[in-house]
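Trainee: The structure that follows is given in the form of structure tokens.
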Amino acid sequence: MSDDQLASYFADRERYERSMSDRATNLRVAAVHTEMADRYEALAVVFGAKRATGLRS
778 MSDDQLASYF ADRERYERSM SDRATNLRVA AVHTEMADRY EALAVVFGAK
828 RATGLRS
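Under this note's numbering, the letters of the sequence shown match residues 778 to 834, in that order.
So, in structure tokens, the structure goes:
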């Protein structure tokens, strides 16, 4: 995969994990999805899909 493809993939995964966190009915499950989203967000920043601003988009 190219860097652009990876950036898009990680940004999509972040959005998916955040949506799963929002829909979770169990707080522990929501926390796991939030943690995964944070990790995908970091990878999206590394590959250029997002800027490192500390703010989620």
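We put the beta carbon where it would ideally sit given N, CA and C, even for glycine.
Using 10 angstroms around the beta-carbon of Glu812, count the other beta-carbons present and answer buried if the total reaches 16, otherwise exposed.
Mentor: It is exposed - the Cβ of Glu812 has fewer than 16 other Cβ atoms within 10 Å.
Trainee: Does DSSP classify Ser779 as helix, strand or coil?
Mentor: Ser779: coil per DSSP, three-state reduction.
Trainee: Would you report the Cα separation of Ala819 and Lys827, rounded to the nearest angstrom?
Mentor: Going by the C-alpha atoms only, they are around 9 Å apart.
Trainee: Under a three-way DSSP split, which group does Phe824 fall into?
Mentor: Coil at Phe824, not helix or strand.
Trainee: How long is the line joining the alpha carbons of Glu791 and Asp815, rounded to whole angstroms?
Mentor: C-alpha separation (whole angstroms): 7 Å.
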